[in-house]
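**Q**
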Amino acid sequence: MSASFTEIFLSNRRALIYSIMRIVRDDQAAEDVAQEAFVRVSRAVETGAVEHIEAFLYRTARNLAINYRRSNQLRGGIERNDVSESDLENVASPLPSQETALIHRQRLSHLEEAIRQLPHRAQTVWMLSKVEKWPYPKIAAHLGVSPNTVFNDLKMAHAHCMEAMVKIDNG
Numbered sequence: 001m002s003a004s005f006t007e008i009f010l011s012n013r014r015a016l017i018y019s020i021m022r023i024v025r026d027d028q029a030a031e032d033v034a035q036e037a038f039v040r041v042s043r044a045v046e047t048g049a050v051e052h053i054e055a056f057l058y059r060t061a062r063n064l065a066i067n068y069r070r071s072n073q074l075r076g077g078i079e080r081n082d083v084s085e086s087d088l089e090n091v092a093s094p095l096p097s098q099e100t101a102l103i104h105r106q107r108l109s110h111l112e113e114a115i116r117q118l119p120h121r122a123q124t125v126w127m128l129s130k131v132e133k134w135p136y137p138k139i140a141a142h143l144g145v146s147p148n149t150v151f152n153d154l155k156m157a158h159a160h161c162m163e164a165m166v167k168i169d170n171g
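Numbering (the UniProt record's numbering), first residue to last: 1 to 171.
Here it is, written out as structure tokens:
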């Protein structure tokens, strides 16, 4: 997998998840579909069969999201037929309240802003470690730095983000 594909994916990740979310209407499913798109497109990029990586990434994600939605609609239709309407009306919503959702969105927005304030390498280290779940040695090899540098960048990123979130929490 080329470094340029990873950079394209990371720079488009938020918009990609948003576009998937508009189709699947489920945060976790959108994350899962984005991850599956990453895996599939990275395989295609490795073979050299992809000419326009970003367009291919969005098309793949869209197709996967549509497949997910169709699959869920089929499954949901079968499950809904097994439950009476009155039983469905008495089920508590698993969704958070509007106020809680707003608070979470605001906190996420502040965290994203704190991450954008980090130096570029620290942003990359944070994304690869926390979002992509890469181990320190892999990040170090990818960036051409030592694992200790990765550790220090991540420690600095955590401290910066925690400080920003504490400021928000304390008003």
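Using N, Cα and C, we set each Cβ at its ideal position, and we do this for glycine too.
Return the Cβ separation of residue 34 and residue 13 in integer angstroms, given the expectation that the two are a contact with Cβ distance under 8 Å.
**A** Position 34 of the sequence shown, counted from the first residue, corresponds to residue 34. Position 13 of the sequence shown, counted from the first residue, corresponds to residue 13. Contact flag correct, Cβ pair sits at about 7 Å.
**Q** If contacts are defined as beta-carbon pairs under 8 Å, then residue 55 and residue 37 qualify, I think. What distance do you get, rounded to the angstrom?
**A** The count along the sequence shown starts at 1 and reaches residue 55 at position 55. The count along the sequence shown starts at 1 and reaches residue 37 at position 37. Not confirmed; about 12 Å, so no contact.
**Q** Would residue 125 pass as a contact of residue 157 if the rule is Cβ separation under 8 Å?
**A** For the purposes of this step, residue 125 is taken as the residue at position 125 of the sequence shown. For the purposes of this step, residue 157 is taken as the residue at position 157 of the sequence shown. For residue 125 and residue 157, yes; Cβs fall inside 8 Å.
**Q** Look at the Cβ atom of residue 106, then the Cβ atom of residue 115, and state whether they are nearer than 8 Å.
**A** The count along the sequence shown starts at 1 and reaches residue 106 at position 106. The count along the sequence shown starts at 1 and reaches residue 115 at position 115. Contact: no.
**Q** Pairs of beta-carbons, one from the segment 65–73 and one from the segment 16–24, closer than 8 Å: are there three or more?
**A** A contact exists between the segment 65–73 and the segment 16–24.
**Q** Should residue 57 go down as buried or exposed, given a rule of 16 or more other Cβ atoms within 10 Å for buried?
**A** Here residue 57 refers to the residue found at position 57 when the sequence shown is read from its first residue. The residue is buried, with at least 16 neighbouring Cβ atoms inside 10 Å.
**Q** For residue 128, count neighbouring Cβ atoms within 10 angstroms of its own Cβ and tell me buried if that reaches 16, exposed if not.
**A** Translated into positions along the sequence shown, residue 128 becomes position 128. So residue 128 counts as buried.
**Q** If you reduce the DSSP assignment to three classes, tell me which class residue 132 lands in.
**A** Walking along the sequence shown from the start, residue 132 turns up at place 132. Coil at residue 132, not helix or strand.
**Q** Give me, in chain order, the residues of the same chain whose beta-carbon lies closer than 6 Å to that of residue 150; leave out the 5 immediate sequence neighbours on both sides.
**A** In the sequence shown, the residue the question calls residue 150 occupies position 150. Contacts found: 125, 136, 139, 140.
**Q** With respect to the alpha helix (DSSP H) encompassing residue 109, which residues constitute its N-terminal and C-terminal limits?
**A** Residue mapping note: residue 109 aligns to position 109 of the sequence shown, counting from 1. First-last of the alpha helix (DSSP H) with residue 109: 98–116.
**Q** Could you check what DSSP says for residue 72 in three-state terms: helix, strand or coil?
**A** Sequence index remark: in the sequence shown, residue 72 carries index 72 (1-based). Looking at residue 72 - three-state DSSP - the assignment turns out to be helix.
**Q** Taking only runs of the alpha helix (DSSP H) that begin and end inside the UniProt domain "RNA polymerase sigma-70 region 2" (9–73), which ones reach a length of at least 4 residues, in chain order?
**A** Here the runs fully enclosed are 27–47.
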